[in-house]
Every structure is written in C-alpha cells, then in structure tokens.
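Residue numbers (full-length UniProt numbering): 1 to 697.
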C-alpha cells in the first residue's frame, strides 16, 4: 500500500513579492514532493498566502486599497512566480477564506471547551501617536535574554528567544518611533504548558512510530524551550485588525499566527471540497496518512510547540515531520538592495535565467541539516554550465546525431561486455538516490549525478565516437557506444526529474521514453527508437546575471571616496607568527594571479588531539581526498578546548604551503580560521555537499 502524504511549506506573507530567499525552502519542498511521487507515494501538495495581520492592513491603506483587494493582487503575483518556477501544487489558496475561518473557529472552540483557553486582562503596549495597540512585530527594543538591540516584540533573531513585547528593554513603536505606553486589555491565551507531556512524546517519536519529527539539532532546540518552561500563548489581538473575529469575543481577533498554520488545513479542505478526497482521512487523530511541513528555521517554535499542541488539543492529528531549512545569503552576505543581491523571483526570470537552474543550484546545497545556503553568483554560473550542460546535456549532444545518421534513430540491441560492467557500476550509484531524496539529502543525490555523468563522459572520451564514425568497420561499436550513452543520459534524467521537471520532460520527448518512476529510468532502451535531438539547455551568459543584479539595486547612491593612499602605514604588530596562525596586519592589495597561487582545499577532520609540550597547538589529521591524508598542526588550542568534537567537520586548508618541520612532526599545510587570535578563533566551515579534497574557488 502506497504512503499517503499531505505536504505543505511555510506560507508566503501577502504583503510583498517573492524573493530568492523565499524560494529556497519552497523549492526544497517541491523537489521532495516530486521525488515522493516518483517513489509511488500518493501526495497532496498544498499551500496558501498568509493574508492576515496589521502589516497587511497598513500596507493596503498605504496603497489606497482595501485589504481584500491588496492581498488578491499579491496572491496573483505569487501564483505567477510559482508557476514559472515549475511548482507542482495540488492547490494554492489563501488564509483569508471561508474554509480557514471555519477551521480556525472550530479549533479554537474545541480548545476553549476542553479547558485550554484562559482569559485575563493584560497590560499591552499602545502607540499614543497612532492611537492603536501595537502588534508584536511593530514594537522593537533590546532583547531581554541576550541584550541584542532592535529586536522584534515576539522573538529575538539573534538568540531565538521568545517573549512578550512588554519584556523588551527600551521598546519603541516601529510605526511612529515614540515610546509606547501600557494600557489594559482583555486577551485570550492558549495554555501551552498543559501540553508538555504531549510535546515530549512527539519529540521522542512516540506519535510517529519511532520516526524522528525533525533533524536532531532542531529537536534539541525545541527541547531547550520546553525545558525552560512553556508560557501561555496570547492568541488574540485588538481592533483594528485584519483577520478573523474570535467567536463570542466582540472586538477581538485571532492573532495571525493562530490562523496561518490552520491555512494549511484550509487549503487542503478547499481541495477536498472540489474532489473526492476526504478531509478526515488525513487530519483525524487516528489517521494513518502523513503530514509533512517544510519551514524555515526562524519559525520552528510556532511549528514545533504551538502547532502540534493546538492540533492535539482540538482532537486532530499531529504532524509527522518538520523539514527545516536555513537562510539564504547571496555572495556570502545577507541579501542587500544596495548591492543588488536582494533579488526578487520575477527579477531573476525577467533577466532570462532558466528557473530550473536555480532549482538545481539549491539542490546541490541542501541537506537534512538546516544550514544556511549561499547563492554565490559566480559559482551558480559555473556549476550550472559545468554540470547540466557540460556533463549531462553534452552526453546526448555528442552521441544522438550518430544514431540518426547511421542507424535511423534506432538504439543497439545490446551493450558490449565492457558497457554491461560499466552499466552495473552506474546502477550501483543510482540505486541509493530515492533514499537520499526521502531523507532530504539532495546535495548527495546531486553528487551522485555528477559522479555518474563523469563516468559516462569518460567512456565517451575513451571511445571517441566521432573517430569511429569515420571507419565503417567500427559501426557496430559506434552503435553500442552511442546507445549506451543515451541510456545513461536517460538514467541521469530520472535522477534529475524532481529537480528539473520541465527539462527532463523535454528529454523524455527526445528519447520517446517517459520516466514514470525511479525504477523505470534504469531501462537500457535496447532496440528503442529515439527522436531527433534538439538542444535542451543553453549556458548561462554572465551578462544575464549582471543584468539581474543591476535591476535589483534599489539605489546606487554615492560611491564613498576611498581613503587616502598617502597615509603613513600603521605600524605592524611586531609579534612573530607562531605555529600556523597569522597575526593581524594591514591588508595588502594582491592580483588575481597572486590569489591563484593558493591551492585551497576542503579537508574532513579524521583526528584532532592535544599535543604534549604545547599549550597552543592541536594536531589535525585530514582526509584530503585525492591528495591523501594530511597532518597539520594548528595554533587554535585556546579556541577549541575539546578537540574530539571537531572530528567529522569539513575545514578549509592551504594545500600547497611548503611543509614545515616542527619538533612535534611535519605540518603539511595551514587550516584557515577567522578571528583576532587566542580564544577568538573560528574554523572556516565548508558546506556538507563539499567532498574531501574539493578545490575552493
């Protein structure tokens, strides 16, 4: 019996257009959904615009529109972007719907009638200038937990703490800048603390047949909040507010974070109402279906604490799993309008960049761990051009013409013995791919893609079919080489289908062989007739990336004057370099040729230990891939008092530094770290998709 899955991703807020940061988690979801369908699961993929709250009310007012008209326009924009990035929704909806109002009210009244809702008067921050109570996100101040300034009124983006707006130090109104005043208001609270046992059971897999509900790091973070004591959650807001009124509570509205996740269910209910699907088959407390949510790491508290407790208290099923992604940076930094790296989805498309190139690049960076992903625009260009065009499409473009020219488009009836052996190798690498998609290890799946493609291209290069084509005595071998290559091209198409759905569809048409599931991609296509080959993809023109960045710049502004070069150079620190760490010094200008002399590589830490007789050094043993193992002594002992915890990490090291003989042994490189020295040193990390020995570009 196939699995039945209800899958959602975090809902885009209906106050602005989609940008590439949004797309990171959304693309991750769509890839997973498409892979599940190829594995035979019955999947329903739904989402919606998150359409309530004071920010939308104020944005609509500023635009001179009603809130309803405003969110309709934003929704149309979102749906157009999703369609053009090839999303496979079964239903895309809005939280401002009758279905959502009914479900939010049902869940609330069930919670209330079961004794999980408390009502009490609170002191709430009020903007005397705007004459309104301020929503959490319209109050800023200093975090009461870690002391970071300019944090929002509901949670700290630095330490992740949640709190009440009244807990902020030195609060101010984002709307007017004035200091808000306290006023009494009656509010409604969800008594989250009554669900501690339920949440511990859920974290422990007792409600999911032992399966983890999230990545271990995410669960550990949720347990920290749990261990710190669960506070009642304020679920009401005062008028004026764009949202749903709370039943039997005049002038009170549901806080947007109550009805937003209910929007997942409302979108699915809307789908059920239009089809033969039954809502309770997926949402009843005893349902054997699965419910998966893909979210960003900034909202795990809502989805990992409030949401399962709300559902359980309302006698509905809890989620099966939370799949959490990190943030997106561009060129190593937060997205910036001044630098042109705050890029909207539509700007990317308008620059003429293929939507599936972004899907592929993200896939090469994503794993089960919610680490941040960097969109390095140069690496994006090079990776797409190399992997998709240079490795994959190249296989078909180098061989399909010979099949039509000499064999009427018909593939050979068999492979050679050598090719049969190579085919078994390809299949051995391919067989684990569905499990990698299942576990969210997309980067490893894409590594398998590159590995298989390299093996096939190596076979083509070794056999040189363009040379064979000149010799009639080699036609049979030519036929086999080209047929093998095109079967392998289709195998790779099957691997890529969740990531590049439209491009693979074109490849299926060329091969006249649809790929229904992962297994069907393994067919050898003996005696099969193919269509004429037409180019599937074109290389990225760097000018398109430049145009995208330029179009994304909010304002170039004035370029700051460079500092005078006539200043006396600052006196350099006379402290000598010790071990393999560098002291701060004035940065010198170098050329690209100077930089190219450095051979920077990724190394996986196999061993890390203290050294007797040194209070500064740690001894590392690195797996450097094709370079073998490297021993490096690094002066970072003060920063890492438990060296065994570094084992398994990826680090960056200089591979072509002259070996240095020390009294402890030979040091064969330098491991890079950042900081001022001493205990203020941090190892540079490499993304989990990078393999030992990989070149840092």
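Idealized CB from N, CA, C, for every residue including glycine.
- Item | Residue interval of the alpha helix (DSSP H) (run including residue 91) | Per DSSP, residue 91 belongs to no alpha helix (DSSP H); it is in the beta strand (DSSP E), 91 to 94.
- Message: Starting from residue 434, trace the alpha helix (DSSP H) in both directions and tell me its first and last residue.
- Response: 433 to 438
- With burial defined as no fewer than 16 other Cβ atoms inside 10 Å of the residue's Cβ, what is the status of residue 357: buried or exposed? buried
- Let me know the secondary structure DSSP gives residue 644 once reduced to three states. helix
- Query: Among 392, 460 and 288, which one has its Cα closest to the Cα of residue 496?
  - Reply: 392
- Straight-line Cα distance separating residue 631 from residue 522: 43 Å
- Message: Under 8 Å, with one C-beta from each stretch per pair, do the segment 366 to 386 and the segment 496 to 516 reach the 3-pair mark?
- Response: no
- Message: Among the candidates 56, 50, 51 and 85, whose CA atom is the shortest distance from the CA of residue 23?
- Response: 85
- Message: Three Cβ pairs or more, each shorter than 8 Å: is that satisfied between the segment 112 to 131 and the segment 180 to 187?
- Response: yes
- Task: Let me know the secondary structure DSSP gives residue 416 once reduced to three states.
- Result: coil
- Query: So residue 401 is in the alpha helix (DSSP H); what residue range does that whole segment cover?
  - Reply: 394 to 407
- When you compare each of 548, 276 and 146 to residue 352 by their alpha carbons, which one comes out closest? 548
- Message: The alpha helix (DSSP H) that contains residue 270, what's its start and end?
- Response: 256 to 274
- Query: Which one or two residues does DSSP pair with residue 233 in a beta bridge?
  - Reply: 190
- Item | DSSP state of residue 293 mapped onto helix, strand, coil | strand
- Straight-line CA distance for residue 681 to residue 619? 16 Å
- Task: Go through the segment 445 to 503 residue by residue and report every complete run of the alpha helix (DSSP H) that reaches 4 residues or more, in order.
- Result: 465 to 468 and 475 to 496
- Query: Skipping 5 residues on each side, what residues in its chain have a beta carbon closer than 8 Å to that of residue 50?
  - Reply: 11, 12, 13, 14, 95, 256, 260 and 263
- State the CB to CB distance for the pair residue 491 and residue 426, rounded to an integer number of angstroms; the pair is presumed to be in contact (CB under 8 Å). 6 Å
- Item | Contact between the segment 50 to 60 and the segment 68 to 80 (3+ Cβ pairs under 8 Å) | yes
- Message: I need the DSSP call for residue 330, collapsed to helix, strand or coil.
- Response: strand
- Query: Alpha carbon to alpha carbon, how far is residue 567 from residue 652?
  - Reply: For residue 567, the pLDDT reaches just 35, beneath the cut-off of 50, and the residue's location in the model is therefore unreliable, although a value from the coordinates is still provided. The straight-line gap from Cα to Cα measures roughly 35 Å.
- Message: Can you give me the C-alpha to C-alpha distance between residue 280 and residue 204, rounded to a whole angstrom?
- Response: 25 Å
- Task: Assign residue 522 to one of three DSSP states: helix, strand, or coil.
- Result: helix
- Task: Return helix, strand or coil for residue 698, following the three-state DSSP convention.
- Result: The structure shown has nothing for residue 698, since the chain only spans 1 to 697.
- Task: Note down, one range per segment and in chain order, each alpha helix (DSSP H) of at least 4 residues found wholly within the segment 302 to 330.
- Result: 307 to 313
- Query: Is there contact here, the segment 394 to 403 with the segment 527 to 537, by at least three beta-carbon pairs under 8 Å?
  - Reply: yes
- Message: Among 179, 319 and 634, whose alpha-carbon lies nearest the alpha-carbon of residue 134?
- Response: 179
- Task: Hey, could you find the ends of the alpha helix (DSSP H) residue 165 is sitting in?
- Result: Where residue 165 is concerned, there is no enclosing alpha helix (DSSP H), given that its DSSP letter is neither H nor E.
- Note the first and the last residue of the continuous beta strand (DSSP E) segment covering residue 632. 629 to 634
- Tell me the start and end of each unbroken alpha helix (DSSP H) in the segment 97 to 175 that is at least 4 residues and wholly inside, in chain order. 98 to 113
- Item | residue 290, buried or exposed, once every other Cβ within 10 Å from all chains shown has been counted against 16 | buried
- Message: Give me the residue from 475, 287, 160 and 139 with the minimum Cα distance to residue 209.
- Response: 287
- Task: Pick out the complete alpha helix (DSSP H) segments inside the segment 522 to 548, 4 residues or longer, and give them in chain order.
- Result: none
- Could you work out which residue in 595, 633, 597 and 629 is closest to residue 611 when comparing CA atoms only? 633
- Where the alpha helix (DSSP H) containing residue 348 begins and where it ends: 345 to 350
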